[in-house]
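Chemist:
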Amino acid sequence: MTFAVRLRGVTRRFGAVTALRDVSLDVADGEYFSLLGPSGSGKTTCLRLIAGFDRPDEGTIELHGTNATGVPPYERDVNTVFQDYALFPHMTVAGNVGYGLRIRGVTRAERERRVEEALDLVRLPGVGARRPSELSGGQRQRVALARALVNRPRVLLLDEPLGALDLKLRQQMQIELTALQERLGITFLHVTHDQEEALALSDRLAVFREGRLEQVGTPAEVYERPATAFVADFVGVSNLLDGPAAEALTGSARAFTIRPEKIRMLPEAAAAAPGQCSVTGRIRDVVYLGMHTRYVVEVAEGALLTVVEQNRETTSVDVHGHRGRGVRLAWDPAHNHVLGA
Amino acid sequence: MLSRLSTWLHVRPRIALALLLAPPLAWMGVVYLGSLVSLVVQSFFHLDDFSGLVVRRFTLATYRDLFTRAHTDIVLRTVSMAAAVTVADAVLALPLGYYLARYAGPRMRAALTLAVLMPLWSSYLVRVYFWKLILAREGVVSWALARAGLTPLLDGLLSLPVVGGPSLSVSALGTFVAFVYVWLPYMVLPVAAALERVPRSCLQASADLGARPSQTFRYVTLPLALPGLAAGAIFTFSLTLGDFVVPGALGNSSLFIGQAVLAYQGTAGNVPLAAAFTVVPMALMAAYLLVARRLGAFEAL
């Protein structure tokens with residue numbers, strides 16, 4: 001099987017800082033793949049190496065089975081949507097979108113047809129004559145997308161493409177991006193620091209931390225079976241229990257994680273169903289979030305557990321009244337995820 | 342008293358603004374525009390050849406005089422020199438500005454900017470006369486070319502009509518070299534400023550879309566540097582048009598506009614013709630500025 005993108009032992013240093021450390025990664029053809037991590041974790045460096053803006057100090061990069069390590073960006077069959085969109089300010093929208101075709105010597109008539117087609121694809125028809133400066137942020141984003149897609153690349157690189165958009169627009173663009181990727185069937189490689197975005201969009205994702213790969217897997221795998229405490233914490237909210245607290249609950253001192261939404265909150269006196277993990281504690285903090293409420297519960301041994309409950313019956317007045325109350329927490333031990341297992 | 346005045350002005354911002362702007366506007370209006378108007382008016386008078394006195398009556402006689410062969414030659418010579426100097430400065434400034442904006446680290450950038458600006462700290466006259474020494478027949482350029490065995494090349498250049506002369510220090514070529522040198526900073530700074538504002542990601546996007554470096558330069562870098570080039574050209578072009586020191590020091594007997602103005606308003610006492618000569622660069626620059634504004638040059642100043 002040939003992979004769309006294949007990294008082998010890639011290391012990139014900037015002076016004393018190692019931005020990427022021995023990263024190996026396989027992205028299948030036609031996959032929606034996300035590179036997820038906090039800022040400075042190496043995900044953007046990784047994307048720049050694949051685009052060809054930068055070269056690795058060690059290791060190789062293969063694109064569709066051919067070694068592309070030293071190949072300049074203009075000879076790679078990939079196109080990039082930049083974080084700041086990087087539209088050419090001195091050209092019209094049509095000039096921007098048609099730039100790659102013009103460079104390749106596509107005839108004017110063919111170019112105009114494909115530019116129009118690409119603008120239709122990103123649902124922005126009829127803006128060809130305008131300047132990028134006359135468009136809104138969301139529209140510029142679409143133009144940047146059209147400019148990359150018009151060249152029919154086999155791999156599309158997206159560098160935090162939704163970072164500058166507001167929440168509503170971001171959610172809408174997420175839906176459109178997945179629809180677009182399914183329709184075009186090409187590989188999308190998406191860099192983001194937003195774990196929800198990565199979970200929502202990706203077929204698979206890679207979690208980066210300090211230049212290393214922490215875990216690669218499907219959203220379900222990464223969310224339900226995080227490989228490390230870092231992944232458990234970064235992807236979603238997670239409770240990490242170890243030492244005596246873990247031993248009291250499971251009989252083993254091995255660290256495990258439990259997701260806040262898996263925990264049920266009962267009155268202190270109530271008995272948990274048999275076979276459930278159960279612990280009593282006191283509500284320390286209440287964060288009312290509209291749709292749901294996040295509670296921080298202090299349990300035995302001083303551990304803090306985060307619990308999320310839907311506000312199905314409760315109002316904001318109710319939940320704030322819960323502060324300081326004693327509660328029993330209970331959950332199915334099947335949801336306990338022992339790290340490194 | 343003072344605080345009451347401040348309060349009074351605070352609620353009348355228009356009056357405060359008027360007070361603030363009155364001195365500079367009065368200066369601009371009276372001294373600058375006033376002299377400009379008087380200059381243009383003078384150009385429509387003429388000098389009575391007999392009495393040697395200026396006849397203060399509207400006439401186009403002076404402009405007819407301006408359009409005689411000897412005088413249009415002066416204009417043509419000056420404009421060609423200004424254009425050549427502008428092009429040469431642009432060619433020199435582009436790579437330097439590109440390096441300053443793209444590659445130089447903070448220290449290197451400071452050092453280079455200083456190097457570009459430093460000549461402006463010493464008197465322009467001193468620098469022009471230094472070029473006379475450098476370019477003289479016994480000067481360092483002739484000496485260096487002789488040591489390199491290139492004297493025939495120099496002689497060949499100097500034997501060319503129009504640009505040549507007895508030595509580099511008495512030729513259009515020498516004048517050109519000195520002009521290019523003295524106005525270079527005025528071109529480098531706006532070009533570097535324009536290039537600095539080109540986002541790096543734009544250049545990467547161009548490469549990403551398949552453009553080789555030469556194509557990126559042609560389609561992205563150069564168009565985005567154009568406002569800076571046009572802004573720099575305003576300086577190099579207009580400064581060359583009006584200058585009389587450089588051709589005076591390094592030129593031959595062929596006059597430039599600045600020298601003609603100097604000669605006619607001084608010894609010859611023909612102020613109307615001097616004024617008419619001055620109107621030429623003004624008209625040229627006005628036309629150029631209109632074009633430059635279309636190119637967006639004023640956003641790069």
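First to last, the sequence lines map onto chains A and B. Mapping of the first sequence onto the numbering used here: position 124 corresponds to residue 124, and the numbering continues sequentially without gaps. So the numbering used here is basically just the index in the second sequence, starting at one, shifted up by 341. We treat Cβ as the ideally placed atom computed from N, Cα and C, and that holds for glycine.
Let me check one thing: in DSSP terms, what residues is Leu240 (chain A) bridge-paired to?
Modeler: Bridge partners of Leu240 (chain A): A:Thr257.
Chemist: DSSP puts Arg212 (chain A) in a beta bridge; with which residues?
Modeler: DSSP output for Arg212 (chain A) lists A:Arg209 as bridge partner(s).
Chemist: Using three-state DSSP, classify Asn96 (chain A) as helix, strand or coil.
Modeler: Correct three-state label for Asn96 (chain A): helix.
Chemist: If we define contact as Cβ-Cβ less than 8 angstroms, is Gly100 (chain A) a contact residue for chain B?
Modeler: It does; some Cβ of chain B falls within 8 angstroms.
Chemist: Tell me, please, which residues DSSP counts as bridged to Val395 (chain B).
Modeler: Its beta-bridge partners are B:Leu388.
Chemist: Report the option in A:Gly302, A:Leu199 and A:Ala330 whose CA atom is closest to the CA atom of Ala272 (chain A).
Modeler: Closest by alpha carbon: A:Ala330.
Chemist: Can you name the residues of chain A whose CB is closer than 7 angstroms to the CB of Ser542 (chain B)?
Modeler: Ordered by position in chain A, the residues that pass the 7 angstroms Cβ test against Ser542 (chain B) are Phe82, Asp84 and Ala86.
Chemist: Ignore the nearest five residues each way along the sequence and tell me which others in Thr413 (chain B)'s own chain have a CB closer than 8 angstroms to its CB.
Modeler: If we look at Thr413 (chain B) and ignore the five residues flanking it on each side, its Cβ neighbours are Leu407.
Chemist: Could you name the residues of the same chain whose beta carbon sits closer than 6 angstroms to that of Pro161 (chain A), not counting the 5 residues immediately before and after it, in chain order?
Modeler: Around Pro161 (chain A): Val81.
Chemist: Taking Cβ-Cβ distances shorter than 8 angstroms, what residues in chain B pair up with Arg104 (chain A)?
Modeler: Neighbours of Arg104 (chain A) on chain B, chain order: Gly551.
Chemist: In chain order, what residues of the same chain lie with their CB nearer than 7 angstroms to the CB of Arg6 (chain A), ignoring the 5 residues before and after it?
Modeler: So the qualifying residues of the chain are Asp26 and Glu62.
Chemist: Under a CB-based cut-off of 8 angstroms, is His90 (chain A) close to chain B?
Modeler: Answer yes: the Cβ-Cβ gap between His90 (chain A) and chain B drops below 8 angstroms somewhere.
Chemist: State the DSSP-derived secondary structure class of His320 (chain A), mapped to helix, strand or coil.
Modeler: DSSP places His320 (chain A) in helix when its eight states are reduced to three.
Chemist: Using a cut-off of 7 angstroms between C-beta atoms, extract the partners of Phe53 (chain A) located in chain B.
Modeler: In chain order: Gln545.
Chemist: Verify whether the separation of the beta carbon atoms of Ile263 (chain A) and Leu305 (chain A) is less than 8 angstroms.
Modeler: Taking 8 angstroms as the Cβ cut-off, Ile263 (chain A) and Leu305 (chain A) qualify as a contacting pair.
Chemist: Which word fits Met265 (chain A), buried or exposed, when buried means at least 16 other C-beta atoms lie within 10 angstroms of its C-beta?
Modeler: Under this definition Met265 (chain A) is a buried residue.
Chemist: Using the beta-carbon count (16 or more within 10 Å), is Gln600 (chain B) buried or exposed?
Modeler: When all chains shown are included, Gln600 (chain B) counts as buried.
Chemist: Cutting at 6 angstroms between CB atoms, please list the residues of its own chain near Gln606 (chain B), excluding the five before and the five after it.
Modeler: Excluding positions up to five away in sequence, the list reads Val612 and Ala615.
Chemist: Between which two residues does the beta strand (DSSP E) containing Glu309 (chain A) stretch?
Modeler: Glu309 (chain A) -> beta strand (DSSP E) spans Leu304 to Gln310.
Chemist: Counting C-beta neighbours from all protein chains within 10 Å, is the total for Gln444 (chain B) 16 or more, i.e. buried, or is it exposed?
Modeler: For the record, residue 444 (chain B) in the displayed sequence is Tyr; it is not Gln. Flag for Tyr444 (chain B) reads exposed.
Chemist: On the DSSP letters alone, give me the boundaries of the alpha helix (DSSP H) that Arg412 (chain B) sits inside.
Modeler: Correcting the residue type first, residue 412 (chain B) is His in the shown sequence and not Arg. Looking at the DSSP string, the run of the alpha helix (DSSP H) that includes His412 (chain B) is Arg410 to Tyr439.
Chemist: What residues of chain B sit near Pro72 (chain A), judged by a beta carbon separation below 9 angstroms?
Modeler: Going along chain B in sequence order, the residues near Pro72 (chain A) (Cβ under 9 angstroms) are Ala548, Arg553 and Pro554.
Chemist: Short of 8 angstroms Cβ to Cβ, which residues in the region 439–458 of chain B face chain A?
Modeler: Cβ contacts with chain A come from no residue of the region 439–458 of chain B.
Chemist: What number of angstroms, rounded off, separates the C-alpha of Leu466 (chain B) from the C-alpha of Val352 (chain B)?
Modeler: Each residue's Cα considered, the two are about 51 angstroms apart.
Chemist: To the nearest angstrom, how far is the alpha carbon of Val23 (chain A) from that of Ala51 (chain A)?
Modeler: Rounded to the nearest angstrom, the two C-alpha atoms are 16 angstroms apart.
Chemist: Between B:Ser510, B:Arg410 and B:Phe386, which lies nearest to Phe399 (chain B) when the distance is taken from Cα to Cα?
Modeler: It is B:Phe386.
Chemist: List the residues that DSSP assigns as beta-bridge partners of Trp331 (chain A).
Modeler: A:Cys277.
Chemist: Could you name the residues of the region 151–167 of chain A whose beta carbon sits closer than 8 angstroms to any beta carbon of chain C, in the order they occur along the chain?
Modeler: In summary, chain C is missing from the structure at hand, where the protein chains are A and B.
Chemist: Along chain A, in chain order, which residues have C-beta atoms closer than 9 angstroms to that of Pro319 (chain B)?
Modeler: This structure does not reach residue 319 (chain B), given that chain B is present from 342 up to 642, and the question cannot be answered.
Chemist: What residue range is occupied by the uninterrupted alpha helix (DSSP H) comprising Phe188 (chain A)?
Modeler: Per DSSP, Phe188 (chain A) belongs to no alpha helix (DSSP H); it is in the beta strand (DSSP E), Thr187 to Thr192.
Chemist: Whose Cβ in chain B lies nearer than 8 angstroms to the Cβ of Asn79 (chain A)?
Modeler: The answer, in chain order, is Asp549 and Leu550.
Chemist: How should Ile356 (chain B) be labelled, buried or exposed, when 16 other C-beta atoms within 10 angstroms of its C-beta is the threshold for buried?
Modeler: Ile356 (chain B) is exposed by the Cβ-count criterion.
Chemist: CB-CB under 6 angstroms to Val216 (chain A), same chain, minus the five flanking residues each way: which ones, in chain order?
Modeler: Only Ala206 meet the Cβ criterion.
Chemist: Work out the CA separation of Phe53 (chain A) and Leu550 (chain B) for me, nearest whole Å.
Modeler: Leu550 (chain B) and Phe53 (chain A): Cα-Cα distance of roughly 12 angstroms.
Chemist: Determine which residues of the region 560–594 of chain B have a Cβ less than 7 angstroms from any Cβ of chain A, and write them out in chain order.
Modeler: Flagged, chain order: Val561, Pro564 and Leu565.
Chemist: What residue range does the beta strand (DSSP E) around Ile61 (chain A) cover?
Modeler: Residues Glu58 to Leu63.
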